[in-house]
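Colleague:
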Amino acid sequence: MESLLSYLPNFMLQPLFWVLAWLAVAIFLFLQNKLRLDVIALIILVGFALSGILTLEEVLAGFSNPNMLLLALLYVVGEALSRTGIAYQISEHLMRIAGANEAKIIMLLMFAITTIGSFMSSTGIVAIFIPVVVAICSSMNIAPRRLMMSLSMAGLISGMTTLIATVPNLVTHAELVKAGYAGFKFFDFAPIGFVVMVVAMLYMLIARNWLDNGEQAATSTSKEETMSNLIAEYHLNGRAKMVILTEHSPFIGKTIDQLKLRSAYHLNIIAIQRYKNFRNITLAAFGNNQLRKKDILLMDIDVDEARFTELCQEFKLQIIELKGEYFSTHAKSVGMAEFTVKPETETIGRTIDSLNFRSRYGLSVVGIKRDAQILQQELLKETVKSGDVLLVMGVWQKITVMAQNMKDLILLDMPKESKLAAPAASQAPYALFSVAVMVALMMSGIVPNVIAGFIGCLLLGAFRCIDMKTAYNAIHFPSIILIIGMMPFSIALQKTGGVAMMVQEFVALTGGANISIYWVLMGLFAATAMVGLFISNGATAVLMAPFAIEVARQLGQSPSAFVMVVAIAASAAFMTPFSPVNTMVVALGNYRFSDFLKVGLPMTIMTMLITTFLVPILFPL
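In the working numbering, each residue carries its 1-based index in the sequence shown increased by 7.
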């Protein structure tokens with residue numbers, strides 16, 4: 008074996024050569040896009056374990072990294088916010104301001120993420136807003152890849168705004184204090200961060216088109232059933248109404264069964280909105296539900312406008328304007344689904360009324376499809392036949408319960424709007440409280456961030472905002488495995504002297520004191536950004552901050568300015584899918600390595616120019 012090694016060139020005997028070679032193989036596999044990213048990460052782990060360059064403990068260090076646990080916990084937090092409807096309400100608010108304008112959505116989204124992310128971790132804010140963006144994409148019927156990159160970019164930029172926003176800021180601050188200089192103040196980063204945010208907003212209005220996948224998006228959308236399709240197929244437009252019970256309404260104190268509105272007046276109550284515990288809740292329309300003053304009734308009517316107005320006057324009901332088509336604006340709580348009748352079952356031959364959908368599930372049949380014909384008249388008296396398709400309407404949760412328990416019927420499909428349903432909507436205030444506690448603990452530093460994450464998740468579970476099964480399913484393990492698989496490169500590059508060599512070469516290229524200080528700062532930014540491609544931003548800051556301080560000393564300049572450049576550059580991980588923030592959106596946006604490169608490279612260059620221009624102004628040299 009030794010004789011064989013003697014024939015190899017000297018550079019091939021160096022551990023650094025094999026680390027760089029393995030890195031090249033990994034990048035090649037990523038660019039090929041033939042293997043899953045997490046599979047490539049596992050191959051990297053095995054390769055390092057067999058190489059002998061790292062110990063087994065070093066190879067598997069990522070599995071015990073607190074940040075990986077925190078990332079998993081933040082996925083759970085994001086799912087809880089989605090289940091309680093908070094994420095959807097944020098998306099509704101953004102869409103109410105922006106309308107159907109995608110450009111406005113991008114700008115409002117990036118502003119909201121950057122601002123809120125100033126006071127919590129970048130990964131945390133991205134985890135919270137992922138379901139928001141999913142809801143917006145679903146409502147606007149656009150491909151998620153057009154918005155997810157804006158989400159991750161804003162998450163990274165949020166780390167450039169305050170001292171606590173991301174790990175590199177805290178690391179660089181600590182290194183300054185350790186070296187005997189004044190550390191950064193809380194908002195020292197903000198001027199740079201918010202200028203970068205504005206530039207990023209304008210840039211993404213152009214760059215989103217580079218990510219367009221319209222043909223694939225259109226194909227996938229056409230295969231998925233929507234409420235809009237069902238509304239058109241069953242001719243339901245114009246049938247939806249909303250009324251509020253005034254204080255003199257004879258409906259107050261009576262149950263839905265007692266009123267017999269559907270059989271007597273062709274007014275079918277689909278759901279009830281009631282103000283309770285300082286919020287509006289949506290109730291299923293069970294027959295024994297007793298109506299109260301100021302209840303809002305969601306109705307499907309089978310009478311003309313004149314007759315409906317006449318009935319509302321008679322029963323002291325105040326008509327509320329309903330926007331959108333057939334309850335589409337209530338899709339987070341109320342929906343519809345098709346069920347087909349199994350052959351040779353007891354349901355066949357019975358009337359719709361006798362099936363007791365309202366008393367059992369709080370649901371109503373609003374249409375029947377039979378032999379390609381749509382039936383709508385006198386549905387309660389209609390006799391069910393084999394092969395009938397029933398369009399059932401009501402609260403989403405009850406539709407799911409019916410699908411699980413009604414053995415004579417088969418659920419054909421759930422419209423895509425069912426994904427917006429909030430199964431724990433009543434727990435929304437508790438979810439907000441739990442997240443507020445978690446964020447407060449992270450900001451205060453009383454406990455480590457990962458412990459704050461555990462406390463937040465335990466509170467969410469205790470308040471029934473999320474159950475254990477859903478929590479485990481919410482964690483995107485491939486994303487976590489990807490980050491863990493890349494961590495050995497950080498250790499190997501440091502252990503073999505690769506990082507030091509790369510930094511020295513980059514600094515030498517800047518020319519030191521022989522050229523303008525702006526070129527030195529740009530060189531420092533570029534070096535930090537390059538190192539950050541291969542190791543975590545925290546590790547990058549740890550390696551580069553002391554070096555930046557020493558360069559500043561030798562040039563007789565302000566260390567604060569040089570260290571600020573390192574902090575911003577460490578957060579500017581726009582070019583790689585391996586940073587935790589970008590990794591979280593890889594699967595959702597169906598992004599490739601090349602997508603991050605073509606969008607991230609120009610943004611990194613613009614951030615470098617902004618930073619090197621503003622830093623000497625904010626921190627005089």
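Ideal placement from N, C-alpha and C gives every residue a C-beta, glycine not left out. No experiment lies behind these values; they were computed from the predicted model shown.
Would residue 692 and residue 165 qualify as a contact pair, given that the criterion is a beta-carbon distance under 8 Å?
Modeller: As shown, the chain starts at 8 and ends at 628. That puts residue 692 outside it, with no answer to give.
Colleague: Whose CA, out of 294, 234, 283, 441, lies closest to the CA of residue 300?
Modeller: Residue 300 has its Cα closest to that of 283, out of 294, 234, 283, 441.
Colleague: Are there 16 or more other CB atoms within 10 angstroms of the CB of residue 230, so buried, or fewer, so exposed?
Modeller: Unreliable positioning characterises residue 230 in this predicted model, as indicated by a pLDDT of 49, which lies under 50. A coordinate reading is not provided.
Colleague: Look up residue 5 in the DSSP assignment and say whether it is helix, strand or coil.
Modeller: Missing from the structure shown is residue 5; the chain here goes from 8 to 628 and no further.
Colleague: Using only the alpha-carbon positions, how far apart do residue 76 and residue 490 sit?
Modeller: Rounded to the nearest angstrom, the two C-alpha atoms are 12 Å apart.
Colleague: So who's on the other strand from residue 420, going by DSSP bridges?
Modeller: Partner(s): 345.
Colleague: Would you call the region 371-386 in contact with the region 405-423, where contact means no fewer than 3 C-beta pairs closer than 8 Å?
Modeller: As far as the Cβ criterion goes, the region 371-386 does not touch the region 405-423, which means the pair count is below three.
Colleague: With respect to the beta strand (DSSP E) encompassing residue 279, which residues constitute its N-terminal and C-terminal limits?
Modeller: 274-283 is the extent of the beta strand (DSSP E) around residue 279.
Colleague: Is residue 533 near the ligand NAD, going by C-beta to nearest heavy atom under 7 Å?
Modeller: The model on display carries no ligand, and the ligand NAD is accordingly not part of it.
Colleague: Evaluate residue 528 with the Cβ neighbour count: other Cβ atoms within 10 Å of its Cβ, from every protein chain shown; 16 or more gives buried, anything less gives exposed.
Modeller: Buried: at least 16 other Cβ atoms inside 10 Å.
Colleague: What does a CB cutoff of less than 7 Å around residue 315 pick up in its chain, not counting 5 residues either side in sequence?
Modeller: 248, 308, listed in sequence order.
Colleague: Starting from residue 633, follow its DSSP beta bridges and name the residues at the other end.
Modeller: The structure shown has nothing for residue 633, since the chain only spans 8 to 628.
Colleague: Can you tell me which of the three DSSP states residue 202 falls into?
Modeller: The answer is helix: DSSP assigns residue 202 an H, G or I state.
Colleague: Quick one: what's got a C-beta closer than 6 Å to residue 593's C-beta in the same chain, skipping five residues either side?
Modeller: Only 584 meet the Cβ criterion.
Colleague: Where does residue 39 land, buried or exposed, given buried means 16+ other C-beta within 10 angstroms?
Modeller: When all chains shown are included, residue 39 counts as exposed.
Colleague: Once the 5 residues before and after residue 395 are set aside, which same chain residues still bring their CB inside 8 Å of it?
Modeller: The answer, listed in chain order, is 347, 348, 375, 376, 377.
Colleague: State the Cα-Cα distance for the pair residue 365 and residue 595, rounded to the nearest angstrom.
Modeller: Roughly 38 Å separates the two Cα atoms.
Colleague: Can at least three beta-carbon pairs, one atom from the region 143-154 and one from the region 165-177, be found at a separation below 8 Å?
Modeller: No, the region 143-154 does not touch the region 165-177.
Colleague: In this structure, how does DSSP classify residue 316 when only helix, strand and coil are distinguished?
Modeller: Residue 316: helix per DSSP, three-state reduction.
Colleague: Near residue 233, what residues of its chain come up, given a Cβ to Cβ distance below 6 Å and the 5 sequence neighbours on each side ignored?
Modeller: These residues qualify, in order along the chain: 422, 423.
Colleague: With three or more C-beta pairs closer than 8 Å as the rule, is the region 79-89 touching the region 461-471?
Modeller: Yes, since at least three Cβ pairs between the region 461-471 and the region 79-89 fall closer than 8 Å, the two stretches touch.
Colleague: For the region 246-266 against the region 198-214, are there 3 or more C-beta pairs whose distance is under 8 Å?
Modeller: The region 246-266 vs the region 198-214: no contact.
Colleague: My guess is that residue 628 and residue 556 are in contact by the Cβ rule of under 8 Å, so how many angstroms apart are they, rounded?
Modeller: 14 Å between Cβ atoms; not a contact.
Colleague: Do the region 497-504 and the region 112-123 touch if we need at least three Cβ pairs shorter than 8 Å?
Modeller: The region 497-504 vs the region 112-123: no contact.
Colleague: When you compare the CB positions of residue 327 and residue 303, do they come within less than 8 Å of one another, or not?
Modeller: Yes, Cβ-Cβ distance for residue 327 and residue 303 is below 8 Å.
Colleague: Measuring straight from C-alpha to C-alpha, what distance separates residue 473 and residue 323?
Modeller: The alpha-carbon atoms of residue 473 and residue 323 are separated by roughly 41 Å.
Colleague: Could you have a look at residue 444 and say whether DSSP puts it in helix, strand or coil?
Modeller: Residue 444: helix per DSSP, three-state reduction.
Colleague: Determine the contact status of residue 341 and residue 245, defining contact as a CB-CB distance below 8 Å.
Modeller: It is not a contact, given that the beta carbons lie outside the stated cut-off.
Colleague: Determine the contact status of residue 154 and residue 93, defining contact as a CB-CB distance below 8 Å.
Modeller: No, Cβ-Cβ distance for residue 154 and residue 93 is not below 8 Å.
Colleague: What residues match up with residue 297 in a beta bridge as DSSP calls it?
Modeller: Residue 297 is bridged to 262.
Colleague: Tell me which residues share the same chain as residue 630 and place their Cβ nearer than 6 Å to its Cβ, disregarding the 5 neighbours each side in the sequence.
Modeller: No information on residue 630 is available, as it lies outside the stretch 8 to 628 that the chain covers here.
Colleague: Between the region 556-570 and the region 603-617, do at least 3 Cβ pairs fall closer than 8 Å?
Modeller: Taking 8 Å as the limit for Cβ pairs, the verdict is that the region 603-617 does not touch the region 556-570.
Colleague: Closest by CA to residue 272, which one among 292, 321, 370?
Modeller: Closest by alpha carbon: 321.
Colleague: Which residues in the same chain as residue 186 place their Cβ atom closer than 6 Å to its Cβ, once the five residues preceding and following it in sequence are excluded?
Modeller: Contacts found: 556.
Colleague: Among 453, 46, 54, 44, which has the Cα closest to the Cα of residue 28?
Modeller: Minimum Cα distance to residue 28 is reached at 54.
Colleague: Roughly how far, in whole angstroms, is the beta-carbon of residue 558 from the beta-carbon of residue 531, given that I think they are within contact range, below 8 Å?
Modeller: About 7 Å separates the two Cβ atoms, so the contact holds.
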